[in-house]
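*Asks:* Supplied in structure tokens, the structure appears directly below.
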Amino acid sequence: MKRQDIVRMTNQIADFHRPYPREEAVAGVAQHIIDFWDPRMRADLATQLAEDEAGFDELALAGAKRAAQKQAAHA
Amino acid sequence: MALLKETDFGTPAKQGAPVTLTIDGVDVTVPEGTSIMRAASQIDRPIPKLCATDSLDPWGSCRMCLVEVEGVKGTPASCTTPVRAGMVVTTQNDRLAKIRKGVMELYISDHPLDCLTCAANGDCELQDMAGAVGLREVRYGMDGANHFEAESRKPVDTSNPYFQFDPAKCIVCSRCVRACEEVQGTFALTIDGRGFASMVSAGTQIDDFFSSECVSCGACVQACPTATLMEASVVAKGVPTRSVETTCAYCGVGCSFKAELQGDQVVRMVPQKSGGANEGHSCVKGRFAWGYATHKDRVTTPMVRDAITDPWRAVSWDEAIGFAADRFKKIQAEHGKGAIGGITSSRCTNEEVYVVQKMIRAAFGNNNVDTCARVCHSPTGYGLKTTFGTSAGTQNFKSVEKADVILLIGANPTDGHPVFASRMKKRLREGAQIIVLDPRRIDLVKSPHIKAAHHVQLRPGTNVAVMNALAHTIVTEGLVDEKFVAERCEDADFDRWRAFVAEERNSPETLAERIGVEPETLRAAARLFATAGNGAIYYGLGVTEHSQGSTMVMAMANLAMATGNIGREGVGVNPLRGQNNVQGSCDMGSFPHEFPGYRHVSDAATRDLFEKAWGRPLLAEPGLRIPNMLAAAIDGTYRGIFVQGEDIAQSDPNTVHVTAALEAMDCVVVQDLFLNETAGYAHVFLPGTSFLEKDGTFTNAERRINRVRPVMKEATGLSEWEAVSRLAAAMGYDGMTYASAAEIMDEIAALTPTFAGVSHARLDSGASLQWPVNAAAPDGTPTMHKDGFVRGKGRFMVTEYVATDERTNRHFPLILTTGRILSQYNVGAQTRRTENGRWHAEDVLEVHPHDAEERGIGEGDMVSIGSRIGATVLRATITDRVPQGVVYTTFHHPVSGANVITTEFSDWATNCPEYKVTAVQVTKSNQPSDWQEHFRDVHERQFVVAAE
Chain W
1 MKRQDIVRMT NQIADFHRPY PREEAVAGVA QHIIDFWDPR MRADLATQLA EDEAGFDELA
61 LAGAKRAAQK QAAHA
Chain X
1 MALLKETDFG TPAKQGAPVT LTIDGVDVTV PEGTSIMRAA SQIDRPIPKL CATDSLDPWG
61 SCRMCLVEVE GVKGTPASCT TPVRAGMVVT TQNDRLAKIR KGVMELYISD HPLDCLTCAA
121 NGDCELQDMA GAVGLREVRY GMDGANHFEA ESRKPVDTSN PYFQFDPAKC IVCSRCVRAC
181 EEVQGTFALT IDGRGFASMV SAGTQIDDFF SSECVSCGAC VQACPTATLM EASVVAKGVP
241 TRSVETTCAY CGVGCSFKAE LQGDQVVRMV PQKSGGANEG HSCVKGRFAW GYATHKDRVT
301 TPMVRDAITD PWRAVSWDEA IGFAADRFKK IQAEHGKGAI GGITSSRCTN EEVYVVQKMI
361 RAAFGNNNVD TCARVCHSPT GYGLKTTFGT SAGTQNFKSV EKADVILLIG ANPTDGHPVF
421 ASRMKKRLRE GAQIIVLDPR RIDLVKSPHI KAAHHVQLRP GTNVAVMNAL AHTIVTEGLV
481 DEKFVAERCE DADFDRWRAF VAEERNSPET LAERIGVEPE TLRAAARLFA TAGNGAIYYG
541 LGVTEHSQGS TMVMAMANLA MATGNIGREG VGVNPLRGQN NVQGSCDMGS FPHEFPGYRH
601 VSDAATRDLF EKAWGRPLLA EPGLRIPNML AAAIDGTYRG IFVQGEDIAQ SDPNTVHVTA
661 ALEAMDCVVV QDLFLNETAG YAHVFLPGTS FLEKDGTFTN AERRINRVRP VMKEATGLSE
721 WEAVSRLAAA MGYDGMTYAS AAEIMDEIAA LTPTFAGVSH ARLDSGASLQ WPVNAAAPDG
781 TPTMHKDGFV RGKGRFMVTE YVATDERTNR HFPLILTTGR ILSQYNVGAQ TRRTENGRWH
841 AEDVLEVHPH DAEERGIGEG DMVSIGSRIG ATVLRATITD RVPQGVVYTT FHHPVSGANV
901 ITTEFSDWAT NCPEYKVTAV QVTKSNQPSD WQEHFRDVHE RQFVVAAE
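Top to bottom, those sequences are chains W and X.
The opening residue of the first sequence carries number 1 in my numbering; numbering runs sequentially from there.
The opening residue of the second sequence carries number 1 in my numbering; numbering runs sequentially from there.
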């Protein structure tokens, strides 16, 4: 997927979860990515994050990293 | 009329305390308020009638139904006289017979006696009643003044393509006029003139039926007891000789119909009174627009081609299926199992959808299955599951009859869901109030006998802000139903939500400028919804097709819970589904993250259940959604797709992106009735079956599972589920060897708890069923969440308003929003191939007078509409239905290219496209857009079928 789409979609998820307490919000972003994103989309997300974190919202970033950690732990 | 009649009790059923009376010496007990006519009919003492029918309130004009009542002077009309306890009624004696015969003589003296050549011969209530009263002579003569004499006879009005009006045959019973008012709620008909010159008239004196406000719902034709209003198909072919009960293939209302036939030819479709969704009513699409099923464009032979620029080549089923399987297997061998997938269709039956998702999960070995609900109601699934615990609306349609205030959001039922709209309008005429949230002035804002209490004409994209403002008012003005919330909802979530919406930034005053609506209007709407009694929310794609579509669904659920409007009749949160089987296709496991019954693929117990039943290991990871499939195709990791009854090249946003993705694939298989726009990019075409050929079930927006019965044999020689099963077998999977569609439903029921009690046999032995149908609810569940939410306690979600990234600017200063029109359906593949095209031959762009004047645009001018994505050219119409700064169009005609303009933006949770907000500019134009030129080239190049 295009970087701009990955960034936008991740930030949108963060926008929804932002009003929640920090830990809940990070967990919410992570779980949404795990529950609804195909593995290749998550791989694209990981690639984009590894290349450059610019453009990602701070909560989106934390959630995306949490999703990656959970996936790694699960694997 | 209908040839194969359901019993007509003469007047509507009533609910009330039991009352016992005696009719012709027989005791009968009926609810208080019931008419003598209906009570008599229930004990097989039908009373002659002409102006009465049980779909209409009694009128008492024909004087045929007179009876004697002990202790009462005269002969009251049995239709307008309610029963009383102890009443003694006589329906037949010499006196009554003489009166009736005299009345019938008068009727017949003014009715042409061309019965043998009349289209209603054998299907005429006047004829039946003449027989019932023993009419043998007409002392006044039979010539009449307006029958056959050329100089006096009024012409037959054949302006409507589907029915004719022959004034000579009218007995002025007013059933048509009353049907238009009471059943349809359009008020297009009236009785013009006085005395002998009284005549039914459509619209004004200069109108015919076509030019009048008549919406061709067919209610008048249905109500007419003579051949005055008669289907053109019956006039042409004669009366039908057999009937099959089935379900309409258009919108999510899912009306029940009788297909009336001669041999295998449909003569007419008649709405069924016993149909739970429609109770005898219909719209122009379901009633009349079924001719597409046998249209000359229908493709009934499988076809293949090596490249999309090659002509199509007709082949056998075996060759087509083998061709598709070989290509899919080759793709998987070279690019991995996840390089292919498919899309299920909301126009197909539950059984057909189920086999496609099963093929993808078990035979393809991945979860790359999605459905057209992705681009319409996927946020409904997400939002209602999160808050209530299940992905479906909460009520049946009948529930609206008990609503006191209706909050209608982003839906235009009079066009999109007309039969339900008629129910809603009836309730509004009875005194319920309606609040309309819509940027556009839809008919339910103001139309005959309807006036919205509030029209919240919000700026497109500010739905969530509006809901937060309403919630703020309810919370801060003490209007929360504290008892309901305390008993039924999660405390902590409610407290958090209450604190959130109470913040000043969510007040109507703070949000008013952004929303574009006065704060007092928002406060008044909130107060009305919270205090008027039963509050019901109905909504459509104006809710879901936004970047905050899922958030908005949750915001509506919050509002319903906060006001205690869940769990009984007259309330609820009710999605108006676009296509007939959107609910069913979602129920059947069409989403890439869920098995049938909305169970996540990561759930080990569910996966184990399906693995054992299907005999294949199943993936625990979600697959690609439609937009993700298209993106992956551009990336080169997704190279083959099976598209069942769906036209993504017309219906999905950013057409150029969609077609580029299709062009990038090595194998596109389309299963459809016609060579649709997507088929222009396909390598294999598998001919599909129309609803008249299908055997299975549809599930409508109220979770009602209705039988779809085959009216005729498949024109293609193979059912769709058989074709899919054979493709799965060719892919190496032998777990789909069904003998019938009923067997598929049995498998669905065995694996899906909400369908546990559903079978074709059960549906055939009774009426429809609303899921869940299981041990706890063996006869189904008309109202959800009665004693508790499916998830246990209701969950309030915090719904922060986040403005869409799609913003107007000096290059694109207007907002385009899209919708649909009454006569056309979705991408128009069906309705464009019927006479419905006469009402809507092209998509037009609605432009506000101020915006038009600024741009020098006149009525009917061709205009270019362009966004940052693309441009197309349409005809403009100037109207203040749309507010200044907003333009509106439909997407029923492919050449219009409405989706050439729409963008890649989508709902945060589901990727449902943001069709409702696109920043555009509109300018006058005198030539097609570049895309339209390209479109014509593609049609010349990629739709060619080789001569046999």
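Idealized CB from N, CA, C, for every residue including glycine.
The structure presented is a predicted model; accordingly, all values stated were derived computationally and were not measured.
1) Is there a Cβ of chain W sitting closer than 9 Å to that of X:Q430, yes or no?
2) Does DSSP put X:I442 in a helix, in a strand, or in coil?
3) Between the Cα of X:V582 and those of X:A701, X:A524 and X:G564, spot the shortest distance and give me the residue it belongs to.
4) Let me know the secondary structure DSSP gives W:L49 once reduced to three states.
5) Could you name the residues of chain W that X:F500 contacts, counting a contact when the two beta carbons are closer than 9 Å?
6) Pairing CB atoms from the segment 518–529 of chain X with CB atoms from the segment 433–447 of chain X, are three or more of them under 8 Å?
7) Compare the beta carbon distance of X:F938 and X:T390 with 9 Å and say whether it is the shorter of the two.
8) Between X:A632 and chain W, is the shortest Cβ-Cβ distance under 9 Å, so that the two count as touching?
9) Relative to chain W, which residues along the segment 634–657 of chain X have a C-beta separation below 9 Å, given in chain order?
10) Using a threshold of 9 Å, state whether the C-beta atoms of X:T889 and X:T783 are closer than that.
11) Anything in chain X within Cβ reach of W:I13, meaning under 8 Å, just list it in chain order.
12) Excluding the five sequence neighbours on either side, which residues of its own chain have a C-beta within less than 6 Å of the C-beta of X:S651, listed in chain order?
13) Going by C-alpha distance, which of X:M797, X:V30 and X:D843 is nearest X:K385?
14) Report all residues from its chain with a CB closer than 8 Å to the CB of W:M9; omit the five preceding and five following residues, and keep chain order.
15) Which runs of the alpha helix (DSSP H), 4 residues or longer, sit entirely within the segment 192–236 of chain X?
16) Below 7 Å on C-beta distance, what does X:V802 contact in chain W?
17) Between X:F943 and the rest of its own chain, which residues show a CB-CB distance below 6 Å, the 5 nearest in sequence each way excluded?
18) According to DSSP, which residues form a beta bridge with X:D370?
19) Whole angstroms is fine: what's the gap from X:S378's alpha carbon to X:A557's?
20) For the beta strand (DSSP E) that X:S864 lies in, which residues bound it at each end?
21) Identify whether X:S929 lies in helix, strand or coil by the three-state DSSP scheme.
22) Going by DSSP in three states, X:G778 sits in which element: helix, strand or coil?
23) Output, in chain order, the set of chain W residues within a Cβ distance shorter than 7 Å of X:H600.
24) Using a cut-off of 8 Å between C-beta atoms, extract the partners of X:V758 located in chain W.
25) Quick one: what's got a C-beta closer than 7 Å to X:P58's C-beta in the same chain, skipping five residues either side?
26) Return no unless some Cβ of chain W is closer than 9 Å to the Cβ of X:M1.
27) Going by other Cβ atoms of all chains shown within 10 Å of its Cβ, with 16 needed for buried, is X:N368 buried or exposed?
28) By the criterion of Cβ-Cβ separation under 7 Å, what are the contact partners of X:N628 in chain W?
29) From W:I34, W:M1 and W:P21, pick the residue whose C-alpha is nearest to that of W:L59; which is it?
30) Under 9 Å, do X:R941 and X:T414 count as touching if we go by C-beta distance?
31) If you pair each beta-carbon of the segment 608–624 of chain X with each one of the segment 313–330 of chain X, do three or more pairs fall below 8 Å?
32) Does any C-beta atom of chain X lie closer than 9 Å to the C-beta of W:R22?
33) What do you get for X:P778, buried or exposed, if any count of 16 or more other CB atoms within 10 angstroms of its CB means buried?
34) Taking three-plus beta-carbon pairs below 8 Å as touching, is the segment 578–597 of chain X in contact with the segment 346–358 of chain X?
35) Where X:A871 and X:A232 are concerned, what is the direct C-alpha to C-alpha distance, given to the nearest angstrom?
36) Report buried or exposed for X:M1, applying the criterion of at least 16 other Cβ atoms within 10 angstroms of its Cβ.
*Replies:* By the coordinates alone:
1) Taking the second sequence and counting its residues from 1, one reaches residue 430 of chain X at position 430. Looking at the sequence provided, one finds Glu at residue 430 of chain X rather than Gln. Not closer than 9 Å to any Cβ of chain W, the Cβ of X:E430 fails to qualify, so no.
2) Here residue 442 of chain X refers to the residue found at position 442 of the second sequence. It is coil, neither helix nor strand.
3) Numbered from its first residue, the second sequence carries residue 582 of chain X at position 582. The shortest C-alpha separation from X:V582 is found at X:A701.
4) Position 49 of the first sequence, counted from the start, is the residue given in the question as residue 49 of chain W. W:L49: helix per DSSP, three-state reduction.
5) Against the second sequence, residue 500 of chain X aligns to sequence position 500. Simply P19.
6) yes
7) Stepping through the second sequence from its first residue, residue 938 of chain X is reached at position 938. Stepping through the second sequence from its first residue, residue 390 of chain X is reached at position 390. Inspection of the sequence shows that residue 938 of chain X is occupied by Val rather than by Phe. Against a cut-off of 9 Å, the Cβ pair of X:T390 and X:V938 comes out as no contact.
8) Counting from 1 along the second sequence, the entry for residue 632 of chain X is found at position 632. Closer than 9 Å to some Cβ of chain W, the Cβ of X:A632 qualifies, so yes.
9) I634, D635, T637 and Y638
10) In the second sequence, the residue the question calls residue 889 of chain X occupies position 889. In the second sequence, the residue the question calls residue 783 of chain X occupies position 783. It is not a contact, given that the beta carbons lie outside the stated cut-off.
11) Counted from its first residue, the first sequence places residue 13 of chain W at position 13. Simply W908 and A909.
12) Looking up residue 651 of chain X in the second sequence gives position 651. Around X:S651: V827.
13) For the purposes of this step, residue 385 of chain X is taken as residue 385 along the second sequence, with counting starting at 1. Closest option to X:K385, Cα to Cα, is X:M797.
14) Walking along the first sequence from the start, residue 9 of chain W turns up at place 9. Around W:M9: no qualifying Cβ.
15) 219–223
16) By one-based count along the second sequence, residue 802 of chain X stands at place 802. Those within 7 Å of X:V802 in chain W are D15.
17) Locating residue 943 of chain X in the second sequence gives position 943, counting from the first residue. The answer, listed in chain order, is L675 and G680.
18) By 1-based counting over the second sequence, the position of residue 370 of chain X is 370. In DSSP, X:D370 forms a bridge with X:I343.
19) Here residue 378 of chain X is taken as the residue at index 378 of the second sequence, counted from 1. Here residue 557 of chain X is taken as the residue at index 557 of the second sequence, counted from 1. So the alpha carbons of these two residues sit roughly 15 Å apart.
20) Walking along the second sequence from the start, residue 864 of chain X turns up at place 864. It spans M862 to G866 - the beta strand (DSSP E) in which X:S864 sits, taken as one unbroken run.
21) Here residue 929 of chain X refers to the residue found at position 929 when the second sequence is read from its first residue. X:S929: coil per DSSP, three-state reduction.
22) If you number the second sequence from 1, residue 778 of chain X lands on position 778. Looking at the sequence provided, one finds Pro at residue 778 of chain X rather than Gly. In this structure, X:P778 counts as coil in the three-state DSSP scheme.
23) Numbered from 1 along the second sequence, position 600 holds the residue referred to as residue 600 of chain X. Going along chain W in sequence order, the residues near X:H600 (Cβ under 7 Å) are D35.
24) As a first step, residue 758 of chain X must be located in the second sequence, where it is residue number 758. In chain order: nothing, as chain W lies at least about 28 Å away.
25) For the purposes of this step, residue 58 of chain X is taken as the residue at position 58 of the second sequence. Answer for X:P58: T11, S35, A52, C79 and T80, listed in chain order.
26) Position 1 of the second sequence holds residue 1 of chain X. Reliability fails at X:M1, whose pLDDT of 49 lies under 50, so the model's placement of it is uncertain and no value is given.
27) Numbered from its first residue, the second sequence carries residue 368 of chain X at position 368. Buried, by the Cβ-count rule.
28) For this step, residue 628 of chain X is matched to residue 628 along the second sequence. D38 and M41, listed in chain order.
29) By 1-based counting over the first sequence, the position of residue 59 of chain W is 59. Minimum Cα distance to W:L59 is reached at W:P21.
30) In the second sequence, the residue the question calls residue 941 of chain X occupies position 941. In the second sequence, the residue the question calls residue 414 of chain X occupies position 414. Against a cut-off of 9 Å, the Cβ pair of X:T414 and X:R941 comes out as no contact.
31) no
32) Locating residue 22 of chain W in the first sequence gives position 22, counting from the first residue. No, because no Cβ of chain X sits closer than 9 Å to the Cβ of W:R22.
33) Here residue 778 of chain X refers to the residue found at position 778 of the second sequence. Result: exposed.
34) yes
35) Locating residue 871 of chain X in the second sequence gives position 871, counting from the first residue. Locating residue 232 of chain X in the second sequence gives position 232, counting from the first residue. C-alpha separation (whole angstroms): 41 Å.
36) As a position in the second sequence, residue 1 of chain X is number 1, starting the count at 1. Residue confidence for X:M1 is low, a pLDDT of 49 falling below 50, so the modelled location carries little weight and cannot support an answer.
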